[in-house]
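Numbering of the sequence shown is given in numbering that gives the first Met the number 0, commencing with residue 0 and proceeding in unit increments. Below: the structure, in structure tokens.
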Amino acid sequence: MKKYKKETIAAKAGIGSDMHHRSIVPPLYLSSNFEYKELGEEQEYEYTRETNPSRDHLINALTELEDGVGGEILSSGMAAITLVANILNNNSKVILPHDCYGGTNRLFSSLAEKGILEAYFIDQSQESFCKKAISKINPDLIWIETPSNPLLQAVDIQEISKKAKACNALVAVDNTFLSPSLQNPLKLGADIVMHSTTKYINGHSDVIGGALITNNHEILLKLKFWANALGITGSPFDSYLTLRGLRTLSIRMEKHEKNAAAIVELLSEHPKVNKIYYPGLPNHPSHAIAKKQQSGFGGMLSFEISGDLARVKSFIEGMKILPLAGSLGGFESLVSHPYTMTHGNLTPNQKKEVGISEGLIRISAGLENTKDLLEAVNLGLEKI
Ligand SMILES: *Cc1c(COP(=O)(O)O)cnc(C)c1O
Numbered sequence: 000m001k002k003y004k005k006e007t008i009a010a011k012a013g014i015g016s017d018m019h020h021r022s023i024v025p026p027l028y029l030s031s032n033f034e035y036k037e038l039g040e041e042q043e044y045e046y047t048r049e050t051n052p053s054r055d056h057l058i059n060a061l062t063e064l065e066d067g068v069g070g071e072i073l074s075s076g077m078a079a080i081t082l083v084a085n086i087l088n089n090n091s092k093v094i095l096p097h098d099c100y101g102g103t104n105r106l107f108s109s110l111a112e113k114g115i116l117e118a119y120f121i122d123q124s125q126e127s128f129c130k131k132a133i134s135k136i137n138p139d140l141i142w143i144e145t146p147s148n149p150l151l152q153a154v155d156i157q158e159i160s161k162k163a164k165a166c167n168a169l170v171a172v173d174n175t176f177l178s179p180s181l182q183n184p185l186k187l188g189a190d191i192v193m194h195s196t197t198k199y200i201n202g203h204s205d206v207i208g209g210a211l212i213t214n215n216h217e218i219l220l221k222l223k224f225w226a227n228a229l230g231i232t233g234s235p236f237d238s239y240l241t242l243r244g245l246r247t248l249s250i251r252m253e254k255h256e257k258n259a260a261a262i263v264e265l266l267s268e269h270p271k272v273n274k275i276y277y278p279g280l281p282n283h284p285s286h287a288i289a290k291k292q293q294s295g296f297g298g299m300l301s302f303e304i305s306g307d308l309a310r311v312k313s314f315i316e317g318m319k320i321l322p323l324a325g326s327l328g329g330f331e332s333l334v335s336h337p338y339t340m341t342h343g344n345l346t347p348n349q350k351k352e353v354g355i356s357e358g359l360i361r362i363s364a365g366l367e368n369t370k371d372l373l374e375a376v377n378l379g380l381e382k383i
């Protein structure tokens, strides 16, 4: 079969699947159940918790984009992470990044507290330290999230995967921040790639969803079994909307990145800005890794202004068109304050350890006109 480029895969997904009416857009199958042709005959679709054509249209497209053998669509990014936790045997050892997504930390910490598994949170951006930890812990699963939130530190997937293979550990990568458009962890040696499709893949801020894709048939069977057993597969309607979003993923990522880079350029010349975290900048600690394993630097950026909450508040209020909100990857630009929002639960010491100061501001660059966006950021900076 011919291997198409990513934009083409997204455009062609599901076309030609409606044999009955030959509709261009694959129909939405809301039906919870499917009629048996004949008693005793197995069929592709029986009950929507287990399998559903609308979910298949989406997972087939994502599988092709990530170069896997298959996967599963789940009801949220967290459901996807829950599914990975459930294919492990009891007492498994899991290594995770110390600055991983808050929900990932909460899930694995709580499972560890209940004695179901052992969770080790380490600084994976320190490669030699991380490799030593892998040798010492001898883990069953290494969870990677790259680039990290909100400082966008990258982890070398290829290097960690090589080390993991040497001790028979699975490698799963949370690829939410870049989408399949800008990074393909399976090609770099990972076994499972995870997405919160809530973010860039759907891209329209109107679906909560998740996906897992693997390049290993044995893992795929386990994922499918546990997704059905736990009852956490995604709804057909959400899958339909998400495939609709996926059609424009590549072109959206280009604009997200263009807008992010423009904001970074403006910030880098501004006296009120102390520090900028964007992997596209040659002085970002992960610039080289990002350049090696990503096909773009993405649409997320963070920066630091000096001073307290009051100054951050004036910046945010001054910007006007950017809503203050968590989440990312939608058509709309968003501003957030990690210190009080995404990382609000950490102790002041933990915040310091992962580098989150009171003056740190994160922007998810949306699809607005670049000039309008720069004007908004400028207004905010003036208000400080
Ligand atoms: C949002 C997010 C998740 C969780 O996804 P939900 O769809 O909100 O459940 C996991 N990882 C990262 C990096 C995220 O940004």
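All residues carry an ideal CB built from backbone N, CA and C; glycine is no exception.
Going by Cα to Cα distance, which pick from the options is closest to residue i?
| i | options | result |
| --- | --- | --- |
| K291 | V376, I315, S53, P278 | P278 |
| I113 | E381, S91, I8 | First, the amino acid is wrong: residue 113 is Lys here, not Ile. Among E381, S91, I8, the Cα nearest to that of K113 is on S91. |
| G15 | P25, Q293, T7, V206 | P25 |
| A210 | T47, A79, Y338, E217 | A79 |
| A12 | G317, D155, S332, L248 | L248 |
| S285 | L64, A228, P179, L151 | L151 |
| K350 | A226, H97, F330, P270 | H97 |
| A9 | N59, F176, K1, Y35 | N59 |
| E253 | R21, G306, G365, E268 | G365 |
| I94 | G101, I86, L82, F107 | F107 |
| N396 | E117, C166, N104, N201 | Residue coverage of the chain in this structure runs from 0 to 383, which leaves residue 396 outside it and unanswerable. |
| G379 | K271, F296, I355, F330 | K271 |
| Y463 | R54, E41, K5 | Here the chain comprises residues numbered 0 to 383, so residue 463 is not present and cannot be evaluated. |
| L87 | A153, E217, C99 | E217 |
| H255 | S180, N282, D307 | S180 |
| E63 | K1, F176, N348 | K1 |
| N368 | G39, E331, A118, S109 | E331 |
| L177 | P146, G188, A163 | P146 |
| K164 | A153, V154, H194, I133 | I133 |
| S336 | I355, W225, A84 | Sequence check: residue 336 is His here, not Ser. That would be I355, whose Cα lies nearest to the Cα of H336. |
| V83 | D17, D371, H194 | H194 |
| C129 | G101, L110, D155 | D155 |
| D17 | H56, Y276, A289, L187 | H56 |
| K274 | F296, G306, R251 | G306 |
| F33 | H269, Y44, R21 | Y44 |
| S74 | A309, G230, E144, A111 | G230 |
| I143 | Y100, E117, L110 | Y100 |
| N85 | I72, L116, G102 | L116 |
| N227 | K131, S109, K4, T81 | T81 |
| M77 | T196, R21, K4 | T196 |
| I72 | E268, S109, H269, G208 | G208 |
| I23 | Y3, L280, R243 | R243 |
Give every residue of the same chain whose Cβ lies closer than 8 Å to the Cβ of residue i, excluding the five residues on either side of it in the sequence, and list them in chain order.
| i | result |
| --- | --- |
| L213 | For clarity, residue 213 is Thr in the given sequence; the question names Leu instead. Excluding positions up to five away in sequence, the list reads G67, V68, G69, G70, L185, D190, I191, V192, L219, L222. |
| M340 | G325 |
| L265 | L373, V376, N377 |
| E352 | H97 |
| R246 | A9, A10, A12 |
Going along the chain, which residues of its own chain have a beta-carbon closer than 6 Å to the beta-carbon of residue i, five neighbours each way excluded?
| i | result |
| --- | --- |
| V395 | Only positions 0 to 383 of the chain appear in this structure, which leaves residue 395 out of reach. |
| S31 | T47 |
| L323 | I315, V334 |
| S204 | G329 |
| G188 | Q157, S160 |
| G295 | L181, E256 |
Going by DSSP, which residues form a beta bridge with residue i?
| i | result |
| --- | --- |
| N32 | Y46 |
| S301 | Y276, R361 |
| M193 | D173, L211 |
| A118 | V93 |
| G70 | I212 |
| T62 | T62 pairs with nothing; no bridge assigned. |
| S178 | For S178, which the question treats as bridged, DSSP gives no partner whatsoever. |
| I141 | I94, V170 |
| V334 | L323, I362 |
| T232 | L73 |
Tell me which same chain residues have a C-beta within less than 7 Å of the C-beta of residue i, skipping the five on either side of it?
| i | result |
| --- | --- |
| L327 | K198, M299, L333, S363 |
| N183 | E65, D66 |
| K36 | Q42 |
I'd like to know whether the C-beta of residue i is nearer than 7 Å to at least one C-beta of chain B.
| i | result |
| --- | --- |
| P284 | Of the protein chains in this structure there is only one, and it is not chain B. |
Could you tell me if the beta carbon of residue i falls within a distance shorter than 6 Å of some heavy atom in ligand 3?
| i | result |
| --- | --- |
| S16 | Of the ligands this structure carries, namely ligand 1, none is ligand 3. |
| field | Segment contact, 8 Å Cβ cut-off, at least three pairs: the region 341–356 with the region 233–244 | value | no
| task | May I ask you to verify whether the region 345–361 touches the region 289–303, counting CB pairs closer than 8 Å and requiring at least 3? | result | yes
| task | Report yes or no: do the region 154–165 and the region 111–127 share at least 3 C-beta pairs separated by less than 8 Å? | result | yes
| Does the region 260–269 come close enough to the region 137–144 that 3 or more CB-CB pairs lie under 8 Å? | no
| query | Given 8 Å as the limit, is there contact between the region 168–176 and the region 32–50, that is, 3 or more CB pairs closer than that? | reply | no
| request: Tell me, please, whether the region 306–316 touches the region 368–383 by the rule of three or more beta-carbon pairs shorter than 8 Å. | output: yes
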